[in-house]
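Enquirer:
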Amino acid sequence: MIKRRTFVQGAMVSAGMSLLPASHAADMRTSLQKSDLVYITALKSDGKESSCQSEIWYVWDGADIYVCTATTAWRTRAAKKGLDRSRIWVGDVGNWQSSGGKYKDLPALEAATSVISDTNTHQMALERFGSKYTMAWITYGPIFRKGLADGSRSLIRYRPLTI
1159 MIKRRTFVQG AMVSAGMSLL PASHAADMRT SLQKSDLVYI TALKSDGKES SCQSEIWYVW
1219 DGADIYVCTA TTAWRTRAAK KGLDRSRIWV GDVGNWQSSG GKYKDLPALE AATSVISDTN
1279 THQMALERFG SKYTMAWITY GPIFRKGLAD GSRSLIRYRP LTI
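The sequence shown maps to residues 1159 to 1321 in my numbering.
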């Protein structure tokens, strides 16, 4: 026979468990709003992480994460070769190689990866970069803008599959 106390405790645990994903999502959104860096690695076709990883500036529009990187960078080459999934850790523990793997303790998500050529999306992302990295944008704004225009830089969109 189930006692009332056992039933109530079970109901409370079930209710609490259902809040975990929402709590994780809220934490991830907060991290995406506040962090200056993300750490990214492409996922191979077997789901394993690539050995190419790095920290990078990013902007988040509330749905997608964007990075602007050299067209010759592994991030761009991987996406163009069909590696269309990535793992992203959100936070800042400095250089990934010097962190001793600490970035892998940060909140993480998986994302669909694509190179974006739409100039309206480029403009939106550039404006967000300028707002987020105000002082550095004095130097890097023209570099990013010119690079996207001449093809030496690419805008990569990471569309979260899990938050």
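A virtual CB, placed ideally from N, CA and C, is assigned to each residue, including glycine.
Kindly identify the DSSP beta-bridge partner or partners of Thr-1199.
Expert: In DSSP, Thr-1199 forms a bridge with Gln-1211, Arg-1245.
Enquirer: Quick check on this structure: which residue in Ile-1214, Cys-1210, Leu-1267, Gly-1249 has the alpha carbon closest to the alpha carbon of Trp-1232?
Expert: The shortest C-alpha separation from Trp-1232 is found at Cys-1210.
Enquirer: Cβ atoms of Leu-1313 and Thr-1279: under 8 Å apart, would you say?
Expert: For Thr-1279 and Leu-1313, yes; Cβs fall inside 8 Å.
Enquirer: Leaving aside the five residues before and after Phe-1165 along the sequence, list all residues of the same chain whose C-beta is less than 6 Å from its C-beta, in chain order.
Expert: Any reading at Phe-1165 needs caution, since the residue's pLDDT is 42, under 50, leaving its predicted position unreliable; the model's value is listed next. Result list for Phe-1165: empty, nothing under 6 Å.
Enquirer: In the DSSP assignment, the alpha helix (DSSP H) including Ala-1236 goes from what residue to what residue?
Expert: From DSSP, the alpha helix (DSSP H) with Ala-1236 extends over 1232-1238.
Enquirer: Let me check understanding here. Comparing Cα to Cα, which of Tyr-1216, Thr-1199, Ala-1270, Ser-1208 lies closest to Arg-1286?
Expert: Checking every option, the nearest Cα to that of Arg-1286 belongs to Tyr-1216.
Enquirer: In this structure, how does DSSP classify Leu-1306 when only helix, strand and coil are distinguished?
Expert: Residue state, collapsed to three classes: helix.
Enquirer: Compare the Cα-Cα distances from Leu-1201 to each of Lys-1290, Thr-1229, Asp-1185, Ser-1272 and report the closest residue.
Expert: For Leu-1201, the nearest C-alpha among the options comes from Ser-1272.
Enquirer: For Arg-1317, I'd like the list of residues in its chain whose CB is within less than 7 Å of its CB, leaving aside the five on either flank, ordered along the chain.
Expert: The residues are Asp-1222, Ala-1269, Ala-1270.
Enquirer: Please report how far the alpha carbon of Val-1251 lies from the alpha carbon of Lys-1260, in whole angstroms.
Expert: Rounded to whole angstroms, Val-1251 to Lys-1260 spans 7 Å at the Cα level.
Enquirer: Val-1272 lies in the beta strand (DSSP E); which residues open and close that run?
Expert: Contrary to the premise, residue 1272 reads as Ser rather than Val in this sequence. Note, Ser-1272: beta strand (DSSP E), 1266-1274.
Enquirer: Under 8 Å Cβ to Cβ from Tyr-1242, same chain only, skipping five residues before and after it: list those, please.
Expert: Contrary to the premise, residue 1242 reads as Asp rather than Tyr in this sequence. Correct list, in chain order: Ala-1270, Thr-1271, Ser-1272.
Enquirer: Taking DSSP's pairing of strands, which residues face Trp-1225 in a bridge?
Expert: In the sequence under discussion, the amino acid at residue 1225 is Val, which differs from the Trp named in the question. DSSP, once it has assigned bridges, lists Ile-1314 as partnering Val-1225.
Enquirer: Mind checking whether Ser-1208 and Val-1248 have CB atoms under 8 Å apart?
Expert: No.
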